[in-house]
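Chains as they are written, first to last, in this note's numbering: chain P, 1092 to 1379; chain C, 3 to 244.
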């Protein structure tokens, strides 16, 4: 069945069903066809954009100083990879992201857990955290530079700062949303406090915590880009700034693409974590 | 009319013993001067209108709510089956059944318990793949795997359809006959009480207002009329054709 061909044009959407298709089947068939077609279209559009870009660049309508051809960017990526500097810079950037994420995530999780469990901890901590959260964390950058200079510490700190709040908020929220009836059941079954947390509270809060992780990945990346743009000696951001000096737009575009790809990869990891850890959950799990 | 349910002393200690229990929410007294004794292996059902304090009494027996007066002598850890199954959606069935079980081989014990309720082949399944009746059977397995001296049932079949409920009644009878815990069933279903219990209590105004001992199947329809009258329902409701 040539579903894809049919749906490449919107006309097929309204086409009358043929043959012995019963009325009851029509809505489902339409939905299936439409989804496939829309998926194809959603990939087709950016592909066309890329081809147009390539043609414009090759035809000379697009100056290489403004935007280099996609093929040239790929060539640059290949060259920089083989020379080793790209992988090195990538490693440095990833290390900063991971370190910042671990620190910020840890702080956010611990604070969120405390506040989620204890009204006293909430009274003591929550308002202050919310006040600091009101600051766009990038606005704190000049102060962070004064404190820590423009070395590794400043970059990791900025990433950690961006990560802390989404993890904190979603951990607190997740713990608060755990069904009190399940907690009561845990007590009936004789679970101690630690077992109660391990078997009931944390698993119950996990969907929310993982949502926080996904938000945090996005802010971590943003923080890293900004931090690396300022006074870095290595890393993807340094590569971009260095290329700017020499008007190497191909390298700049390459770094932008790399940032994007790593963002996508991070999101993919978060999604697969959700699928694995939330296999029981009807909205995430792959289990039937 | 029997107001105090205090049977003669026996050599064996009862599954639960309640003396002069009192429970109030602010000024509203829910339970007042209530006495109750359930022997081991005895099945007691408690009937009463909504809001008469049935569930309050059960929660007090379970140690889930504090009491304002009187004394409860109950096992340290009675097992409870609630109206909702309360299975942990993130744990497999055997992990659910063995929740809180302090033994070396929890999976084996859970497997035995699940086999008893007819779900022995579903050890690694998720709760969300179960029907309402199956989920409640797992909840029963989870309660009985603890080998409790006292089993508290808080309207556990209320949310099930009529046929499933009848099957559950048979299952509960079987399980109770095997494990012999003292059972305290809170229900608003007179027929369920008659079908399951050795002794039926009616709660009114915060105390046990009526007691009926079921003796075989013959007295069932008499008991039904009487119990319905105690619950403030006229005698015009015919018994279901059995």
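Think of the CB as a built atom: it goes at the ideal place given N, C-alpha and C, for glycine as much as any other residue.
So residue i contacts chain P; which residues on that side make the cut at Cβ distance below 9 Å?
{"i": "residue 66 of chain C", "result": "1275, 1278 and 1279"}
Smallest Cα separation from residue i: which of the options?
{"i": "residue 1323 of chain P", "options": "P/1245, P/1362 and P/1283", "result": "P/1245"}
{"i": "residue 192 of chain C", "options": "C/126, C/185 and C/228", "result": "C/228"}
{"i": "residue 1270 of chain P", "options": "P/1287, P/1260 and P/1283", "result": "P/1287"}
{"i": "residue 1316 of chain P", "options": "P/1195, P/1206, P/1171 and P/1253", "result": "P/1253"}
{"i": "residue 1160 of chain P", "options": "P/1354, P/1373 and P/1341", "result": "P/1341"}
{"i": "residue 48 of chain C", "options": "C/231, C/206 and C/235", "result": "C/206"}
{"i": "residue 120 of chain C", "options": "C/137, C/210 and C/88", "result": "C/137"}
{"i": "residue 1190 of chain P", "options": "P/1226, P/1249, P/1162 and P/1276", "result": "P/1249"}
{"i": "residue 149 of chain C", "options": "C/125, C/134, C/188 and C/182", "result": "C/182"}
{"i": "residue 153 of chain C", "options": "C/123, C/103, C/177 and C/69", "result": "C/177"}
{"i": "residue 85 of chain C", "options": "C/19, C/196 and C/190", "result": "C/190"}
{"i": "residue 1339 of chain P", "options": "P/1356, P/1154 and P/1263", "result": "P/1154"}
{"i": "residue 1256 of chain P", "options": "P/1216, P/1295 and P/1135", "result": "P/1216"}
{"i": "residue 1194 of chain P", "options": "P/1375, P/1307, P/1335 and P/1232", "result": "P/1307"}
{"i": "residue 1178 of chain P", "options": "P/1360, P/1357 and P/1345", "result": "P/1345"}
{"i": "residue 1330 of chain P", "options": "P/1184, P/1213 and P/1147", "result": "P/1184"}
{"i": "residue 1188 of chain P", "options": "P/1309, P/1302 and P/1176", "result": "P/1309"}
{"i": "residue 1292 of chain P", "options": "P/1375, P/1127 and P/1204", "result": "P/1204"}
According to DSSP, is residue i part of a helix, a strand, or is it coil?
{"i": "residue 1375 of chain P", "result": "coil"}
{"i": "residue 107 of chain C", "result": "coil"}
{"i": "residue 235 of chain C", "result": "coil"}
{"i": "residue 64 of chain C", "result": "coil"}
{"i": "residue 1149 of chain P", "result": "helix"}
{"i": "residue 154 of chain C", "result": "strand"}
{"i": "residue 212 of chain C", "result": "strand"}
{"i": "residue 245 of chain C", "result": "There is no way to answer for residue 245 of chain C, as the model of chain C reaches only from 3 to 244."}
{"i": "residue 1361 of chain P", "result": "helix"}
{"i": "residue 141 of chain C", "result": "helix"}
{"i": "residue 1284 of chain P", "result": "helix"}
{"i": "residue 162 of chain C", "result": "coil"}
{"i": "residue 1226 of chain P", "result": "coil"}
{"i": "residue 82 of chain C", "result": "strand"}
{"i": "residue 1256 of chain P", "result": "helix"}
{"i": "residue 1129 of chain P", "result": "helix"}
{"i": "residue 178 of chain C", "result": "helix"}
{"i": "residue 1114 of chain P", "result": "For residue 1114 of chain P, the pLDDT reaches just 47, beneath the cut-off of 50, and the residue's location in the model is therefore unreliable, although a value from the coordinates is still provided. Three-state result, residue 1114 of chain P: helix."}
{"i": "residue 1157 of chain P", "result": "coil"}
{"i": "residue 307 of chain C", "result": "Look at the range of chain C in this structure, 3 to 244, and you will see that residue 307 of chain C is not part of it."}
{"i": "residue 186 of chain C", "result": "strand"}
{"i": "residue 26 of chain C", "result": "strand"}
{"i": "residue 1338 of chain P", "result": "coil"}
{"i": "residue 294 of chain C", "result": "Because chain C here runs from 3 to 244, residue 294 of chain C falls outside it and cannot be looked at."}
{"i": "residue 1327 of chain P", "result": "helix"}
{"i": "residue 1101 of chain P", "result": "Unreliable positioning characterises residue 1101 of chain P in this predicted model, as indicated by a pLDDT of 40, which lies under 50. The coordinate reading is nonetheless provided below. Residue state, collapsed to three classes: coil."}
{"i": "residue 40 of chain C", "result": "strand"}
{"i": "residue 1140 of chain P", "result": "helix"}
{"i": "residue 121 of chain C", "result": "coil"}
{"i": "residue 1251 of chain P", "result": "helix"}
{"i": "residue 1188 of chain P", "result": "helix"}
Could you work out which residues of chain P lie near residue i, taking near to mean beta carbons separated by less than 8 Å?
{"i": "residue 130 of chain C", "result": "1371 and 1373"}
Can you list the residues of chain P that residue i reaches, using a CB-CB cut of under 7 Å?
{"i": "residue 151 of chain C", "result": "Within chain P, no residue comes near residue 151 of chain C; the closest Cβ sits about 14 Å away, beyond 7 Å."}
{"i": "residue 79 of chain C", "result": "1281"}
{"i": "residue 82 of chain C", "result": "1279"}
For residue i, go through chain C and note every residue whose CB falls closer than 8 Å to its CB, in chain order.
{"i": "residue 1272 of chain P", "result": "84, 86 and 88"}
Just to check my reading of the structure: residue i and residue j have Cβ atoms closer than 8 Å, yes? What is that Cβ distance to the nearest angstrom?
{"i": "residue 17 of chain C", "j": "residue 33 of chain C", "result": "Not quite, the Cβ-Cβ distance comes to about 19 Å (not below 8 Å), so this is no contact."}
{"i": "residue 91 of chain C", "j": "residue 1312 of chain P", "result": "The pair is not a contact, with the Cβ atoms about 32 Å apart (cut-off 8 Å)."}
{"i": "residue 146 of chain C", "j": "residue 115 of chain C", "result": "6 Å"}
{"i": "residue 72 of chain C", "j": "residue 21 of chain C", "result": "6 Å"}
{"i": "residue 83 of chain C", "j": "residue 129 of chain C", "result": "Not quite, the Cβ-Cβ distance comes to about 15 Å (not below 8 Å), so this is no contact."}
{"i": "residue 1200 of chain P", "j": "residue 1314 of chain P", "result": "18 Å between Cβ atoms; not a contact."}
{"i": "residue 1273 of chain P", "j": "residue 1368 of chain P", "result": "That belief does not hold up - the Cβ atoms of residue 1273 of chain P and residue 1368 of chain P are roughly 18 Å apart, past 8 Å."}
{"i": "residue 160 of chain C", "j": "residue 88 of chain C", "result": "Wrong, their Cβ atoms sit about 14 Å apart, outside the cutoff."}
Please list, in chain order, the residues of the segment 89-117 of chain C that have any C-beta partner in chain P closer than 7 Å.
90, 91, 92, 101 and 102
| When Cβ atoms are compared, which residues of the segment 1119-1148 of chain P fall closer than 8 Å to chain C? | none
| message | Closer than 9 Å between beta carbons: that is the criterion. Which residues of the segment 1291-1303 of chain P meet it against chain C? | response | 1291, 1294, 1295 and 1297
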